[in-house]
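Novice:
2 protein chains.
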Amino acid sequence: MNEPLKTGSTIGILGGGQLGRMLAVAAARLGLKTHIFEPGSEPPASHTAHRLTTAAYSDTEALIAFARSVDVVTYEFENIPTEALDTIEAITPIRPGREALRVSQDRLIEKAYLEGLGLQVAPFAPVHDAESLQKAVDQIGTPSILKTCRFGYDGKGQAKLNTPEDQSAALAAMADQPAVLEGFVTFSREVSVIAARSVNGDVACFDPGENIHKDGILHTTTVPASLSAAQRTDAVLMAAKILNALDYVGVLGVELFVTPQGLIVNEIAPRVHNSGHWTQNGCAIDQFEQHIRAIAGWPLGDGTRHSDVIMENLIGNDMDRVAEIARESGAALHLYGKADVKPGRKMGHVNRIAS
Amino acid sequence: MNEPLKTGSTIGILGGGQLGRMLAVAAARLGLKTHIFEPGSEPPASHTAHRLTTAAYSDTEALIAFARSVDVVTYEFENIPTEALDTIEAITPIRPGREALRVSQDRLIEKAYLEGLGLQVAPFAPVHDAESLQKAVDQIGTPSILKTCRFGYDGKGQAKLNTPEDQSAALAAMADQPAVLEGFVTFSREVSVIAARSVNGDVACFDPGENIHKDGILHTTTVPASLSAAQRTDAVLMAAKILNALDYVGVLGVELFVTPQGLIVNEIAPRVHNSGHWTQNGCAIDQFEQHIRAIAGWPLGDGTRHSDVIMENLIGNDMDRVAEIARESGAALHLYGKADVKPGRKMGHVNRIAS
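Chains as they are written, first to last, in the working numbering: chain A, 152 to 506; chain B, 152 to 506.
1. When the cut-off is 8 Å and only beta carbons count, does residue 449 of chain A lie next to chain B?
2. Could one say the Cβ of residue 411 of chain B lies closer than 8 Å to chain A's Cβ atoms, at least one of them?
3. State buried or exposed for residue 370 of chain A, treating a residue as buried only when at least 16 other CB atoms are found within 10 Å of its CB.
4. Between residue 247 of chain B and chain A, is there a C-beta pair that is closer than 8 Å?
5. Could you name the residues of chain B that residue 176 of chain A contacts, counting a contact when the two beta carbons are closer than 9 Å?
6. With a Cβ-Cβ cutoff of 8 Å, do residue 189 of chain B and residue 422 of chain B count as a contact?
7. Could you tell me the distance, in whole angstroms, from the CA atom of residue 338 of chain A to the CA atom of residue 162 of chain A?
8. To be precise: take each residue of the stretch 421-451 of chain B, compare its Cβ to all Cβ atoms of chain A, and keep it if any distance is under 7 Å. Which residues remain?
9. Can you tell me whether residue 472 of chain A is buried or exposed, with buried defined as 16 or more other CB within 10 angstroms of its CB?
10. Report the neighbours of residue 488 of chain A on chain B: residues whose CB is nearer than 8 Å to its CB, in chain order.
11. Bridge partners of residue 256 of chain A, per DSSP?
12. To the nearest angstrom, how far is the alpha carbon of residue 486 of chain B from that of residue 200 of chain B?
13. Do you know offhand how far residue 158 of chain A's Cα is from residue 231 of chain A's?
14. Could you tell me which residues DSSP puts in a beta bridge with residue 213 of chain A?
15. How about residue 155 of chain B: is its C-beta nearer than 8 Å to some C-beta of chain A?
16. Which class does residue 498 of chain A belong to by DSSP, given the choice of helix, strand or coil?
17. Using beta carbons (cut-off 8 Å, strictly below), is residue 222 of chain A in contact with chain B?
18. Check this for me: beta carbons of residue 336 of chain A and residue 275 of chain A, under 8 Å apart or not?
19. Could you tell me whether the Cβ of residue 458 of chain B comes closer than 8 Å to any Cβ of chain A?
20. With DSSP as the reference, label residue 301 of chain B as helix, strand or coil.
21. Classify residue 493 of chain B: buried if its beta carbon has 16 or more other beta carbons within 10 angstroms, exposed otherwise.
22. Starting from residue 288 of chain B, follow the alpha helix (DSSP H) in both directions and report where the run begins and ends.
23. Ignoring anything shorter than 4 residues or poking outside the stretch 155-235 of chain A, list the alpha helix (DSSP H) runs there in chain order.
24. What does the alpha-carbon distance come out to for the pair residue 379 of chain B and residue 477 of chain B?
25. Output yes or no for whether 8 Å exceeds the beta carbon distance between residue 402 of chain A and residue 445 of chain A.
26. Step through the CB atoms of chain A and report whether any lies within less than 8 Å of the CB of residue 499 of chain B.
27. Count the other CB atoms, across all protein chains shown, that sit within 10 Å of the CB of residue 302 of chain B; report buried if there are 16 or more and exposed otherwise.
28. Can you tell which of B:324, B:293 and B:286 has the C-alpha that lies nearest to the C-alpha of residue 308 of chain B?
29. Going by C-alpha distance, which of A:283, A:442, A:413 and A:404 is nearest residue 140 of chain A?
30. If we count the other Cβ atoms within 10 Å of its Cβ and call it buried at 16 or more, is residue 187 of chain B buried or exposed?
31. Taking the continuous alpha helix (DSSP H) assigned at residue 389 of chain A, which residues delimit it?
32. Under 8 Å between the Cβ atoms of residue 322 of chain A and residue 265 of chain A?
33. Closer than 8 Å between beta carbons: that is the criterion. Which residues of the stretch 268-280 of chain A meet it against chain B?
34. By Cβ distance below 7 Å, which residues in the same chain neighbour residue 311 of chain A in space, the five residues on each side in sequence not counted?
35. What span of residues does the alpha helix (DSSP H) with residue 475 of chain B cover, start to end?
36. With 16 as the cutoff for other CB atoms within 10 Å, does residue 267 of chain A come out buried or exposed?
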């Protein structure tokens with residue numbers, strides 16, 4: 152599939168959360184339909200998509216029918232079982248490609264890959280038992296963070312080591328999963344670059360945003376970030392280097408720490424990213440449309456920032472403030488239509504435009 | 152229903168065209184679901200809505216089931232059969248209300264109503280046969296335009312009289328439908344105001360846009376319009392007067408002629424309007440969300456214009472230019488996902504943001 156998708160074509164999306172929901176809206180804007188594949192019931196993305204398949208990722212028959220019904224497949228999360236990807240890829244192209252998934256599904260592989268590209272990452276060492284943890288602590292020291300190699304997100308699957316004595320508790324928290332010990336990086340700020348690459352290799356980056364986390368979950372992203380011109384250029388070049396190395400197609404989120412020693416890559420996400428939600432109200436073309444354009448074989452759009460924006464995530468009971476936020480001037484609400492409010496659950500976000 | 156609709160509530164939309172499609176997207180952004188009622192098959196709005204009922208407006212059973220499944224009903228076109236509205240309204244509120252539909256469904260009633268509010272309209276006279284047409288021509292003169300009272304749009308149901316001799320041909324074009332003869336207004340430009348009124352009577356207007364038509368169909372809308380400060384204020388006050396008089400809830404499009412004698416109302420549309428599509432890329436809150444906010448009982452949003460925009464409609468074979476437009480900087484495409492390209496058919500639009 153090297154021709155751009157035409158009006159009426161269908162994009163398959165693995166995962167039916169808020170990212171899939173906003174991808175479906177962006178696809179519709181370009182005259183494209185979407186088909187969501189999601190094991191859970193009543194997924195948010197189904198409200199805006201043309202079609203929904205409710206099935207497990209182990210349901211080969213459902214995967215085959217899904218893959219046959221669409222022109223290209225993308226995803227809203229990186230932890231898709233390899234067997235499911237194999238089944239789909241035999242029928243339909245997957246974008247971003249398998250290499251991006253292979254690298255980003257495993258923290259250890261990801262860090263080694265980025266280091267191999269000549270990019271700075273936090274000091275790291277593999278951990279699979281008490282002995283390898285002791286060796287890692289000897290090498291990296293404390294404070295440091297032990298993280299599972301796979302399936303971690305929003306601060307889950309992590310344990311901090313303040314002193315070497317915290318080793319056994321931290322290891323227990325990994326529940327026998329392969330892990331990686333990361334040195335604690337002293338950074339002045341965290342920024343992220345939302346970058347896109349098209350089928351023919353064009354690269355475009357949105358302005359870097361500055362992130363603040365609360366309880367391990369992204370709280371706000373502010374654009375423009377407080378960066379020097381040189382740091383801004385570095386951030387964009389680093390993102391472009393990763394995109395090109397992966398022969399990537401789609402949008403990639405790159406989280407960076409700003410340190411006196413330069414920019415350090417924290418992690419990459421092979422998909423649209425929470426820290427790119429500000430683009431919905433800061434640019435003519437947002438990250439969701441940029442992703443759809445890329446995977447549909449279209450040219451990338453113009454992601455120039457026209458407004459300063461502060462994005463705030465609405466988590467759990469933040470929903471109580473929606474009526475108040477709806478009255479604020481310059482505030483654009485984006486709610487995900489989730490029926491149940493739960494602590495720590497991402498319910499929506501608000502983009503506040505500076506006048 | 153005076154409480155604001157909560158996340159997970161459903162808005163019923165009569166009509167499944169591009170306006171319904173973009174209303175569905177705006178509703179989703181606020182965490183609301185949509186249910187489309189549309190007689191035609193594969194309506195564009197069904198790609199972005201949660202639910203679709205395919206049935207005729209004469210299908211009372213389907214209308215009742217539809218009305219029961221939603222929390223409020225709105226519409227994307229004004230020519231809904233009265234009986235269908237009666238059936239729905241017995242079960243669920245319709246917003247904007249019936250008075251707005253009664254007035255705007257009939258050109259003669261509309262003009263008389265606006266005149267009654269003290270607003271300027273083009274000279275007009277009712278026509279139902281050769282005799283009344285002769286009387287109307289004696290009163291208004293030529294050039295003038297004969298228009299059917301009902302069901303006219305995009306230049307359809309209209310016949311121009313250049314001289315009094317054109318009477319019989321013009322009358323024949325009306326096919327025995329009640330009509331209205333309108334005096335030809337010499338105007339320097341046509342502008343439109345997209346205005347909104349909330350359940351509690353708050354009014355907000357987007358910046359007036361300047362419209363250019365081609366072959367009777369809107370071609371471009373440019374913001375800001377070339378208006379003096381006084382004209383801008385007049386335009387907004389006129390729209391507010393109409394909204395308040397109708398005790399209106401939702402978005403209303405008001406088309407105005409700019410003449411040496413002041414602003415003359417051409418027509419009103421009780422819905423989101425093609426000339427308001429620029430708001431999608433010119434404001435934090437666009438006309439579609441403003442309409443959904445109003446009918447959902449929410450406060451109106453901030454429709455301040457952050458960018459200059461030129462909206463261009465993509466009609467029929469304009470779709471051949473899509474690949475080229477997709478590469479333009481500052482161009483945001485909005486395609487409607489219509490499978491068949493037909494001459495005169497609205498296939499999409501592009502908002503070009505001035506840098």
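Backbone N, C-alpha and C fix where the C-beta goes; we use that ideal spot for every residue, glycine too.
Specialist: This is what the structure holds:
1. yes
2. no
3. exposed
4. no
5. 176, 179, 180 and 199
6. no
7. 39 Å
8. 432, 435, 436, 449 and 450
9. exposed
10. 158, 159, 179, 182, 183 and 184
11. According to DSSP, which records beta bridges pairwise, residue 256 of chain A is partnered with nothing at all.
12. 16 Å
13. 28 Å
14. DSSP output for residue 213 of chain A lists no bridge partner at all.
15. yes
16. strand
17. no
18. no
19. yes
20. coil
21. exposed
22. 281-291
23. 169-180 and 211-219
24. 34 Å
25. yes
26. yes
27. exposed
28. B:324
29. No statement about residue 140 of chain A is possible, as the shown extent of chain A runs from 152 to 506 and does not include it.
30. buried
31. 380-396
32. no
33. none
34. 294 and 296
35. 473-478
36. exposed
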